[in-house]
Structure formats: C-alpha cells, structure tokens
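Have a look at the structure below, then the notes.
Protein chains: 2
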Amino acid sequence: MKWDDLRSESCPVARGLSVIGDRWTMLVLRDCFLGVRRFEQMQERLGITRHVLADRLRKLEEDGVLRREAYQDRPLRHEYRLTEKGKALYPVLVTLMAWAEEHVPPEEKSSMTLLSRDTGEVLEPVLTDANTGQRITHRNVMARRNTE
Amino acid sequence: MKWDDLRSESCPVARGLSVIGDRWTMLVLRDCFLGVRRFEQMQERLGITRHVLADRLRKLEEDGVLRREAYQDRPLRHEYRLTEKGKALYPVLVTLMAWAEEHVPPEEKSSMTLLSRDTGEVLEPVLTDANTGQRITHRNVMARRNTE
DNA sequence: CCAATAAAGTTCCTTTTTAGAACTGACTCA
DNA sequence: TGAGTCAGTTCTAAAAAGGAACTTTATTGG
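These protein sequences, in sequence, are chains A and B.
Residues in the first sequence are numbered consecutively from 1, following this note's numbering.
Residues in the second sequence are numbered consecutively from 1, following this note's numbering.
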C-alpha cells in the first residue's frame with residue numbers, strides 16, 4: 001500500500017494520518033497555533049526545506065486545514081491561517097505534547113507548560129468523556145467498528 | 001534541519017514527533033492497541049512493506065514504546081507489546097481518531113465509535129484540565145516556554 | 001522421506017521524497 | 001541604481017519507501 005491510499009481507508013486513524021501524518025506537517029501546524037502565518041517565518045523557525053514547506057502548505061490548504069489569504073497586493077503576498085477544521089486539531093497537538101513532556105525528556109533542560117487564559121493556572125490536559133467526565137484510557141475503552 | 005535532529009529540540013511537540021511522527025508509526029501502534037502483536041499479522045493488515053515494518057518496530061523498541069518478547073523457541077519467535085510509555089499514547093490516537101471522524105469523512109460509509117468498557121455507552125472524547133475539568137481548546141489556553 | 005507451509009525477517013533493485021543550495025519575480029526603500 | 005524582502009521554484013544528490021524474492025528454522029501432510 002502506498003501512503004496516498006490512506007485517504008480512502010475506513011479507519012479514522014488512517015484517514016486522519018493521511019492529512020497530518022506526514023513528516024513536518026504537525027510542526028507546521030504547531031507554528032500556526034503559535035501565531036506564525038508567513039512562509040519566511042515558518043521556514044526559518046522550522047529549518048525545513050523551502051521546497052517541502054511549500055508542498056506541505058499547499059496540501060494543508062487543499063485539505064481545508066489552512067486557508068491562504070492575501071495580506072497585500074503589489075506584490076501579491078499570502079499568509080496562512082488555521083481554518084476551523086485546522087483549529088480542531090488543537091487537542092491532538094496538546095495530547096502529543098503532554099505525552100512527550102512526560103515520556104520523551106529533552107536533552108537540554110527546557111519545557112513547555114499550558115496555562116489557562118482565564119486564571120493563569122497551569123493546566124494538566126487529560127482526555128475525558130464529554131458526558132460523564134470519566135477518564136478515557138486504553139483500559140476502560142473499547143472500539144466498535146460501525147459498518148452500515 | 002534533518003528529521004533526526006528533532007529528538008534534541010526543546011519543543012515537546014518536536015520531540016514527540018521524533019518518536020511517532022513518522023509515516024506508518026501511528027498505524028503500527030493503532031494495531032498494537034487493537035491487540036495485534038505479530039509481524040505477519042501487522043504486515044498483512046497494514047499493507048506496509050516488510051522492510052519498513054521491521055524498521056519501525058525496531059525503532060519503536062529502541063524508543064521504549066514497544067517491548068519485544070519471545071513467545072516460542074525453536075524457532076525463536078518474538079511478538080511486540082506496548083510498554084507503559086506506549087500505552088500512554090492512547091489519548092493521542094483517540095484525539096486524532098475523533099478529529100478524523102468529524103473532519104475527514106470516509107469515502108465508503110463506515111466509522112468507528114468508542115464505548116465505555118464499564119457501561120457500554122458511547123464515549124465522546126474531549127480534552128479537559130485534570131484539576132478544574134475545564135475544557136481545553138486553542139481559545140482558552142496559552143503556552144509558556146520554561147527555560148530554566 | 002519429501003514437499004509445502006509458516007513466521008519473522010533480510011536482500012536487492014526501482015521509484016519517491018527530502019535536503020541543500022541557488023535562482024526567480026515582483027516589488028520597496030535609500 | 002543597488003540592495004533587500006518575501007514567497008516561492010528549480011536543480012542535484014542523498015535518503016527513504018515500494019515491491020518482490022530469498023533465508024532460516026521448524027512443523028505438517030502424504
């Protein structure tokens with residue numbers, strides 16, 4: 001199977017990865033969430049090849065995760081912003097970040113903390129069920145495949 | 001910058017991706033969470049090249065996400081199981097799945113639902129703060145970089 | 001005994017991707 | 001005029017992935 005065939009898989013994990021499972025894509029999105037919008041800035045911050053960056057941005061736009069918007073004419077220049085679909089990826093980024101903070105220690109000491117915008121308190125992200133508030137882990141959950 | 005340099009980045013997202021941001025890796029882990037433990041089974045289910053699968057399994061073991069255990073001698077055969085570090089990736093998989101279910105519709109109708117093992121109820125995974133129960137979204141959270 | 005099957009890789013070769021650096025085009029500013 | 005900015009594109013070489021066949025150690029069936 002080739003990578004591009006993932007898009008048509010029935011498993012949602014596979015479909016999700018067909019959009020963001022690419023090398024660099026999540027890092028591009030991380031920068032978007034941090035407010036970076038322009039090509040040059042991203043390229044410099046990420047250290048990614050311009051070629052690859054242009055390709056990823058194009059794909060993310062095609063997939064409706066980013067929106068390309070002109071911010072000036074003469075010369076025409078565009079910037080990239082997260083769409084609602086893109087913003088909805090925030091929990092994926094946060095859970096990944098939380099996992100890495102706990103399980104993939106940095107070589108140099110430095111880390112990242114999430115704070116509440118309202119209270120300024122340090123947040124400890126956990127996955128729960130919206131209805132019961134019950135914690136979701138691999139131990140108390142099972143997956144059901146719905147073939148209609 | 002090369003992909004392998006991510007491991008030493010100070011950003012936890014980058015460090016996390018250095019482990020699981022590879023093409024195929026999350027799909028391998030998905031199968032692990034579904035109980036698949038053996039090479040042949042994974043290879044057949046994923047449609048991944050044997051070569052690449054062997055490589056990913058080796059890396060995941062090196063990174064402490066999977067554990068390789070002999071399940072027979074003569075001939076010696078191993079199977080792969082999630083370590084605690086690997087199991088801790090479950091929320092990442094679930095948030096990705098939830099995102100794709102909502103935003104990346106399948107071509108053929110079919111989908112996946114998470115059920116509580118206790119009650120059998122359908123779960124709706126959301127990211128919240130462990131202390132306050134407050135919902136975590138890109139709107140009410142800010143990130144702070146801690147350079148010690 | 002011989003052939004076929006099985007599991008978990010490995011090897012080899014071809015096709016795709018990526019890295020890295022230079023180049024382009026449409027401007028602006030001094 | 002000449003340098004600088006920004007968002008790419010183009011080129012080549014290196015790395016990774018796809019695909020198929022082969023290996024090794026053992027079991028099963030005829």
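C-beta atoms are modelled at their ideal positions from N, C-alpha and C, and glycine is treated no differently.
Residue nearest to B:L57 in terms of C-alpha spacing, selected from B:T83, B:D5, B:W99: Among B:T83, B:D5, B:W99, the Cα nearest to that of B:L57 is on B:T83.
Name, please, each residue of chain A whose Cβ falls closer than 7 Å to the Cβ of B:C96. Residue identity check: residue 96 of chain B is Leu in the sequence provided, not Cys. Those within 7 Å of B:L96 in chain A are V13, G16, V92.
DSSP on B:L115, reduced to helix/strand/coil? When secondary structure is reduced to three states using DSSP, B:L115 falls in the strand class.
Measuring only the C-alpha atoms, how far is B:A143 from A:I48? Each residue's alpha carbon lies about 23 Å from the other.
Chain-ordered residues of the region 76 to 88 of chain A with a beta carbon less than 7 Å from chain B: Taken in chain order, the members of the region 76 to 88 of chain A whose beta-carbon sits within less than 7 Å of a beta-carbon on chain B are K85, K87, A88.
Nearest chain B C-beta to A:V126 closer than 8 Å, yes or no? So yes, A:V126 belongs to the interface.
Extract the residue ranges of the alpha helix (DSSP H) inside the region 9 to 63 of chain A, only unbroken runs of 4 or more that lie entirely within it. Complete alpha helix (DSSP H) runs here, min 4: 12 to 20, 25 to 33, 39 to 46, 50 to 62.
Could you tell me the boundaries of the beta strand (DSSP E) in which A:M142 lies? In the DSSP assignment, A:M142 falls within the unbroken beta strand (DSSP E) covering 141 to 146.
Interface partners of A:G47 on chain B, CB under 7 Å: Chain B residues near A:G47: M1.
Between B:L34, B:D63, B:E44, which has its C-alpha nearest B:I20's C-alpha? With distances taken between Cα atoms, B:I20 lies closest to B:D63.
Check whether the region 125 to 134 of chain A touches the region 22 to 33 of chain B, counting contact only when three or more Cβ pairs, one atom from each stretch, lie closer than 8 Å. Here the region 125 to 134 of chain A does not lie against the region 22 to 33 of chain B, with fewer than 3 beta-carbon pairs under 8 Å apart.
Can you list the residues of chain A that B:E130 reaches, using a CB-CB cut of under 7 Å? The question names Glu, yet the displayed sequence has Ala at residue 130 of chain B. Those are E124, V126, listed as they occur along chain A.
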